[in-house]
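Respectively, the protein sequence lines represent chains A and B.
In terms of UniProt numbering, the first sequence opens at residue 1 and continues consecutively.
In terms of UniProt numbering, the second sequence opens at residue 1 and continues consecutively.
A short worksheet on the structure shown next.
There are 2 protein chains.
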Amino acid sequence: MKVMCSVNPGHCTLIKYIFLLLIIIHLGLNTAESVWPLPQIVIPSPERYQLKPQSFSFGYRRNLDTKHSCSVLDAAFKRYFSILFPGYTYGNDTLQLSENEVFTLTISLDHHDCQGYPNQDSSERYKLSVFAGQASLNAETVWGSLRASTGLETFSQLVYQDDFGSYYVNKTEIEDYPQFNYRGILLDTSRHYLPVQAILKTLDAMAYSKFNVFHWHLVDDPSFPYQSQKFPDLSNKGAFHPVTHIYTQSDVRRVISYARMRGIRVLPEFDSPGHTKSWGKGQSELLTSCYRGGTPSGTFGPVNPTLPSTYQFMASLLKEVASVFPDPYIHLGGDEVDFSCWRSNPYIRAFMRKMGFGLDFSKLEAFYIEKIVNITSVLRKTSIVWQDVFDYHERRKFLSVVEVWKQGCYLCEVRRVVKAGLRVILASPWYLDQPGPTHNWARYYNVWPLAFKGTEKQKSLVIGGEVCLWGEYVDATNLSPRLWPRASAAAERLWSNERQTSCVERAFPRLQEFRCKLLRRGIQAEPLYVGHCKHEYQSG
Amino acid sequence: MKVMCSVNPGHCTLIKYIFLLLIIIHLGLNTAESVWPLPQIVIPSPERYQLKPQSFSFGYRRNLDTKHSCSVLDAAFKRYFSILFPGYTYGNDTLQLSENEVFTLTISLDHHDCQGYPNQDSSERYKLSVFAGQASLNAETVWGSLRASTGLETFSQLVYQDDFGSYYVNKTEIEDYPQFNYRGILLDTSRHYLPVQAILKTLDAMAYSKFNVFHWHLVDDPSFPYQSQKFPDLSNKGAFHPVTHIYTQSDVRRVISYARMRGIRVLPEFDSPGHTKSWGKGQSELLTSCYRGGTPSGTFGPVNPTLPSTYQFMASLLKEVASVFPDPYIHLGGDEVDFSCWRSNPYIRAFMRKMGFGLDFSKLEAFYIEKIVNITSVLRKTSIVWQDVFDYHERRKFLSVVEVWKQGCYLCEVRRVVKAGLRVILASPWYLDQPGPTHNWARYYNVWPLAFKGTEKQKSLVIGGEVCLWGEYVDATNLSPRLWPRASAAAERLWSNERQTSCVERAFPRLQEFRCKLLRRGIQAEPLYVGHCKHEYQSG
Numbered sequence: 001m002k003v004m005c006s007v008n009p010g011h012c013t014l015i016k017y018i019f020l021l022l023i024i025i026h027l028g029l030n031t032a033e034s035v036w037p038l039p040q041i042v043i044p045s046p047e048r049y050q051l052k053p054q055s056f057s058f059g060y061r062r063n064l065d066t067k068h069s070c071s072v073l074d075a076a077f078k079r080y081f082s083i084l085f086p087g088y089t090y091g092n093d094t095l096q097l098s099e100n101e102v103f104t105l106t107i108s109l110d111h112h113d114c115q116g117y118p119n120q121d122s123s124e125r126y127k128l129s130v131f132a133g134q135a136s137l138n139a140e141t142v143w144g145s146l147r148a149s150t151g152l153e154t155f156s157q158l159v160y161q162d163d164f165g166s167y168y169v170n171k172t173e174i175e176d177y178p179q180f181n182y183r184g185i186l187l188d189t190s191r192h193y194l195p196v197q198a199i200l201k202t203l204d205a206m207a208y209s210k211f212n213v214f215h216w217h218l219v220d221d222p223s224f225p226y227q228s229q230k231f232p233d234l235s236n237k238g239a240f241h242p243v244t245h246i247y248t249q250s251d252v253r254r255v256i257s258y259a260r261m262r263g264i265r266v267l268p269e270f271d272s273p274g275h276t277k278s279w280g281k282g283q284s285e286l287l288t289s290c291y292r293g294g295t296p297s298g299t300f301g302p303v304n305p306t307l308p309s310t311y312q313f314m315a316s317l318l319k320e321v322a323s324v325f326p327d328p329y330i331h332l333g334g335d336e337v338d339f340s341c342w343r344s345n346p347y348i349r350a351f352m353r354k355m356g357f358g359l360d361f362s363k364l365e366a367f368y369i370e371k372i373v374n375i376t377s378v379l380r381k382t383s384i385v386w387q388d389v390f391d392y393h394e395r396r397k398f399l400s401v402v403e404v405w406k407q408g409c410y411l412c413e414v415r416r417v418v419k420a421g422l423r424v425i426l427a428s429p430w431y432l433d434q435p436g437p438t439h440n441w442a443r444y445y446n447v448w449p450l451a452f453k454g455t456e457k458q459k460s461l462v463i464g465g466e467v468c469l470w471g472e473y474v475d476a477t478n479l480s481p482r483l484w485p486r487a488s489a490a491a492e493r494l495w496s497n498e499r500q501t502s503c504v505e506r507a508f509p510r511l512q513e514f515r516c517k518l519l520r521r522g523i524q525a526e527p528l529y530v531g532h533c534k535h536e537y538q539s540g
Numbered sequence: 001m002k003v004m005c006s007v008n009p010g011h012c013t014l015i016k017y018i019f020l021l022l023i024i025i026h027l028g029l030n031t032a033e034s035v036w037p038l039p040q041i042v043i044p045s046p047e048r049y050q051l052k053p054q055s056f057s058f059g060y061r062r063n064l065d066t067k068h069s070c071s072v073l074d075a076a077f078k079r080y081f082s083i084l085f086p087g088y089t090y091g092n093d094t095l096q097l098s099e100n101e102v103f104t105l106t107i108s109l110d111h112h113d114c115q116g117y118p119n120q121d122s123s124e125r126y127k128l129s130v131f132a133g134q135a136s137l138n139a140e141t142v143w144g145s146l147r148a149s150t151g152l153e154t155f156s157q158l159v160y161q162d163d164f165g166s167y168y169v170n171k172t173e174i175e176d177y178p179q180f181n182y183r184g185i186l187l188d189t190s191r192h193y194l195p196v197q198a199i200l201k202t203l204d205a206m207a208y209s210k211f212n213v214f215h216w217h218l219v220d221d222p223s224f225p226y227q228s229q230k231f232p233d234l235s236n237k238g239a240f241h242p243v244t245h246i247y248t249q250s251d252v253r254r255v256i257s258y259a260r261m262r263g264i265r266v267l268p269e270f271d272s273p274g275h276t277k278s279w280g281k282g283q284s285e286l287l288t289s290c291y292r293g294g295t296p297s298g299t300f301g302p303v304n305p306t307l308p309s310t311y312q313f314m315a316s317l318l319k320e321v322a323s324v325f326p327d328p329y330i331h332l333g334g335d336e337v338d339f340s341c342w343r344s345n346p347y348i349r350a351f352m353r354k355m356g357f358g359l360d361f362s363k364l365e366a367f368y369i370e371k372i373v374n375i376t377s378v379l380r381k382t383s384i385v386w387q388d389v390f391d392y393h394e395r396r397k398f399l400s401v402v403e404v405w406k407q408g409c410y411l412c413e414v415r416r417v418v419k420a421g422l423r424v425i426l427a428s429p430w431y432l433d434q435p436g437p438t439h440n441w442a443r444y445y446n447v448w449p450l451a452f453k454g455t456e457k458q459k460s461l462v463i464g465g466e467v468c469l470w471g472e473y474v475d476a477t478n479l480s481p482r483l484w485p486r487a488s489a490a491a492e493r494l495w496s497n498e499r500q501t502s503c504v505e506r507a508f509p510r511l512q513e514f515r516c517k518l519l520r521r522g523i524q525a526e527p528l529y530v531g532h533c534k535h536e537y538q539s540g
């Protein structure tokens with residue numbers, strides 16, 4: 001496999017590479033170097049301590065009033081205990097036999113916020129110190145010590161087994177925080193239905209790579225699997241199957257709760273006015289009737305933006321969505337609207353004339369989206385839209401966050417958006433629909449979202465990035481190997497210091513090691529290249 | 001998704017397509033049209049019969065002396081019963097409650113050959129007739145009624161469930177036989193180790209698509225996982241791990257036996273003189289020592305063809321291989337030999353001079369392969385080699401079967417080989433390492449191995465084709481979705497009548513349906529495009 005040097009070759013000199021190799025040879029990859037994504041500041045040490053499942057425990061710092069009360073952390077202790085010691089269960093297998101063998105990981109929080117949900121502003125900063133007999137983990141928030149990637153996850157990646165099966169952790173000091181606050185993965189449950197179990201498994205894997213947003217592209221043209229309380233016909237008639245291929249309210253709650261426990265936000269997307277064919281099956285009058293030769297052709301186009309009933313419906317649906325999904329953001333889509341159907345419809349054309357839009361259908365589009373964004377604002381939610389909305393909209397001030405997805409010079413677009421004072425999420429370089437090896441992990445690693453000319457303030461408007469796994473060719477059969485470990489390459493770009501992680505040659509053995517960890521944790525992560533893991537994936 | 005018309009557009013007219021659609025609409029895809037690969041002659045009928053697990057049974061024709069004695073068929077009855085009726089077990093769930101509900105599938109064989117192994121000459125021809133209350137399956141050999149694809153498999157694909165869960169089969173008459181006798185899948189267990197379970201699962205899926213040869217590329221440069229009885233150091237030192245990443249003799253027997261039960265041959269490959277780096281670890285003096293500046297550089301090249309010890313070793317190893325693997329064929333590799341190491345070595349150069357080879361290292365290569373082929377002949381095995389051997393070898397008469405693998409005008413190469421009177425297996429167009437969607441199923445479907453100018457006799461030398469799944473980027477995590485259902489596209493090309501199966505538009509809904517059947521049978525087959533299956537794959 002030919003690995004290229006990074007976009008920033010200055011960081012990847014031969015001398016540094018040799019130096020790194022020496023460290024790896026000396027300490028093995030079982031040190032802080034193997035933590036993925038790489039923490040901001042690491043002080044490693046060759047000094048190591050043995051861990052035993054029977055005498056390992058988690059604890060809260062004494063004065064902390066979270067003691068025995070933070071269910072998010074209690075659940076994480078159980079989960080990570082089984083990750084640290086596969087085959088063991090926390091509580092059942094901790095005996096604390098002898099005083100001098102005890103190892104305790106103690107957590108302290110600066111703020112007590114156990115009850116809420118992680119959000120865009122939650123601090124994920126943490127400090128981790130591993131010493132003889134103990135480790136201490138300090139975080140500003142409960143999400144800091146947990147959120148997708150943070151202290152406990154890092155600690156779990158520091159622990160390794162020798163050839164005889166004994167567990168060890170090296171003395172280590174880590175101070176860590178993410179480069180970007182928004183580190184998302186988009187799954188598309190419309191083009192193929194993904195069983196809830198496949199989504200939960202993805203949330204597990206996201207946490208291992210420190211992703212913190214699950215962008216749920218719930219519905220689209222092919223199917224409407226979201227079972228609405230107010231509009232059950234949307235899934236009754238618009239899902240692939242009204243019973244087996246839907247997400248019930250209980251399913252959705254389960255996904256949100258599972259994500260929350262892992263410090264992951266769930267960002268729902270209800271994309272309109274395009275990409276809505278499936279909506280029309282259960283909601284008559286919503287879509288535009290297309291015309292041919294002066295009469296309705298029987299086919300339908302985008303949402304009809306001329307009818308008041310459209311906005312009543314959208315307000316009602318979004319009100320439900322706003323209450324079901326606790327995240328303060330909603331993704332409204334707005335991409336790829338085909339004008340031909342609007343153009344064919346005499347009523348739409350009449351409306352255009354009345355509004356003074358002339359023949360510029362992007363004005364109609366803007367008219368629609370602005371109304372939907374306003375509905376969302378009234379619901380006290382911040383909207384995210386695909387870049388199309390920014391591109392065709394002349395009045396941009398009502399927009400908040402723009403997601404850049406188109407190929408080509410995507411950084412030019414990022415620059416345009418931040419120049420307009422709007423926040424940006426970058427997705428273009430991380431479309432993982434295309435499988436490897438030409439679209440391999442290095443391609444996704446060699447991306448730097450801030451590589452454009454701009455002020456510090458402008459650059460701070462780039463809030464993060466997102467891996468998109470669209471569903472044309474993806475369902476539960478190939479989701480995991482197509483996502484992992486390639487998405488992890490993007491995860492390091494979004495979490496770690498770019499200067500320390502700009503060279504694919506350096507990253508390669510680390511990512512190979514991390515991929516083996518994913519396998520050990522039951523994630524069907526595909527290989528990077530020739531080689532093996534101690535514990536291979538066992539097919540069922 | 002844009003589906004192109006086939007290489008032979010005359011077969012895919014609009015009228016025929018509409019006619020086919022009408023049949024599909026009328027009968028649904030639950031008829032003989034949905035059998036994949038398509039049988040040679042099918043007489044379908046809309047008349048259908050209900051099947052009940054409790055009153056369904058398999059039987060032998062009365063006079064047949066195989067009654068109660070053919071273990072291959074008895075095992076197949078059990079297997080296919082659970083495929084026909086998921087959740088039921090043959091024997092436990094057959095009660096034959098009432099006479100008029102009984103449905104029996106009766107098998108008759110023209111030859112009684114239950115004990116042997118399937119081979120290149122085994123007939124796979126069968127006739128299947130489904131009537132009220134019974135089906136009869138006639139085959140020339142036990143491999144005919146079983147072999148990977150044949151009668152029972154076809155019958156299992158004819159059975160379908162209605163929306164209420166009842167099972168049906170339509171009245172049908174089928175006469176069937178394969179277009180090509182050799183329909184192989186290559187798995188590479190050297191670049192990544194594949195757990196035995198992953199191989200067995202692949203054999204299951206192969207049987208569903210009527211593949212009949214498992215080409216086991218056992219060893220190569222990266223690792224030597226085959227545990228030799230005579231040379232245990234080959235895997236002790238050459239495997240990725242001497243205990244967890246090897247195939248023991250018991251593993252190998254299990255694979256051969258599992259394959260045999262499904263009518264699949266196991267063709268072992270021990271590729272030399274190149275692709276042998278891992279061999280050198282456990283067998284000193286075998287590989288050529290490379291020189292730099294007149295002294296050994298410490299690295300090693302291809303097998304050393306100048307030493308008698310090399311041939312003693314190879315004879316001994318191949319003798320073992322010939323006894324472990326019952327198939328009359330052995331694949332000897334012979335591809336991609338790098339001459340630079342041979343060239344650097346003064347002893348090799350001296351040998352060249354002595355033999356009068358000049359500077360033509362392909363003569364040395366030919367010298368080596370000829371000796372190895374002769375060793376194989378003495379063991380009464382027929383050798384198969386990669387096309388390189390044919391290309392560099394001037395004296396070709398000692399060759400038997402050539403596998404064409406290089407890209408470019410592969411049919412030009414096929415033509416050259418058959419003109420030389422040798423048999424051909426075609427692999428070039430079916431390298432499935434590259435994943436979709438650019439390398440999608442249609443690409444593999446649009447291949448016709450006989451589309452070259454040649455006599456009937458020459459064309460008859462094309463004995464079949466092979467899907468190759470090399471292991472650089474493949475292990476148990478992504479093997480199934482990368483193989484299936486794309487390999488099934490090749491399977492239809494190799495089994496069915498090309499005239500009836502030359503149009504991808506026609507094949508598309510059939511393959512979608514077949515892919516759903518694969519999911520139902522637990523095979524992680526990836527989607528072709530947007531859509532759904534009644535039973536989606538449930539991740540663990």
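Yeah, the Cβ is synthetic: ideal placement off N, Cα and C, and Gly gets one too.
The model shown is predicted, which means the values in this text are computed figures rather than measured ones.
Check                                                                                                                               : Outcome
Val474 of chain A (DSSP reduced to helix, strand or coil)                                                                           : coil
The alpha helix (DSSP H) enclosing Asp176 of chain A, as first and last residue numbers                                             : Careful: Asp176 of chain A lies outside any alpha helix (DSSP H), inside the beta strand (DSSP E) at Thr172 to Asp176.
Pairwise C-alpha distance: Val196 of chain A and Ile83 of chain B                                                                   : 26 Å
At least three beta-carbon pairs within less than 8 Å, the segment 316 to 329 of chain B to the segment 355 to 370 of chain B       : no
Nonlocal neighbours in the same chain, by C-beta distance under 7 Å from residue 552 of chain B, ignoring five residues either side : Nothing about residue 552 of chain B can be reported from this structure: the residues present for chain B run from 1 to 540 only.
Nonlocal neighbours in the same chain, by C-beta distance under 6 Å from Glu536 of chain A, ignoring five residues either side      : none
Candidates B:Glu492, B:Ile425 and B:Val213, of which the one nearest Arg260 of chain B by Cα                                        : B:Val213
Cβ of His215 of chain A within 8 Å of any chain B Cβ                                                                                : no
8 Å contact criterion, which Val373 of chain A and Ser362 of chain A should meet: CB distance rounded                               : Their Cβ separation, rounded to whole angstroms, is 16 Å, which puts Val373 of chain A and Ser362 of chain A out of contact at 8 Å.
Nearest to Arg174 of chain A (by Cα), restricted to the options A:Lys517, A:Asn92, A:Lys534 and A:Ser34                             : The displayed chain sequence assigns Ile, not Arg, to residue 174 of chain A. Selected option, being the one with the closest Cα: A:Ser34.
Minimum Cβ-Cβ distance from Phe357 of chain B to chain A less than 8 Å                                                              : no
Bounding residues of the alpha helix (DSSP H) (the contiguous stretch that carries Trp495 of chain B)                               : Arg486 to Trp495
Chain B contact for Lys201 of chain A (CB, 8 Å cutoff)                                                                              : yes
Contact list for the segment 189 to 200 of chain A against chain B, Cβ threshold 7 Å                                                : Arg191, His192, Tyr193, Pro195, Gln197 and Ala198
DSSP state of Asp233 of chain A mapped onto helix, strand, coil                                                                     : helix
is_contact[Ala476 of chain B, chain A] using C-beta, thresh 8 Å                                                                     : yes
Distance between His275 of chain B and Thr306 of chain B (C-alpha atoms, nearest Å)                                                 : 18 Å
Under 8 Å between C-beta atoms of Gly464 of chain A and Ile523 of chain A                                                           : no
CB contact check: Val255 of chain B to chain A, cutoff 8 Å                                                                          : no
Same chain, Cβ closer than 6 Å to Ser209 of chain B, five either side skipped, listed in chain order                                : Ser488 and Ala491
Cβ shell of Leu38 of chain A (< 7 Å), same chain only, five flanking positions each side left out                                   : Glu492, Ser496, Gln500 and Thr501
Closest residue to Pro326 of chain A among A:Arg61, A:Lys52, A:Gln538 and A:Gln120 (Cα-Cα distance)                                 : A:Gln120
Neighbourhood of Thr248 of chain A by C-beta distance below 7 Å, restricted to the same chain and skipping five residues each side  : Gln227
Straight-line Cα distance separating Val474 of chain A from residue 621 of chain B                                                  : Within the shown structure, residues of chain B are numbered from 1 to 540, placing residue 621 of chain B beyond reach of any answer.
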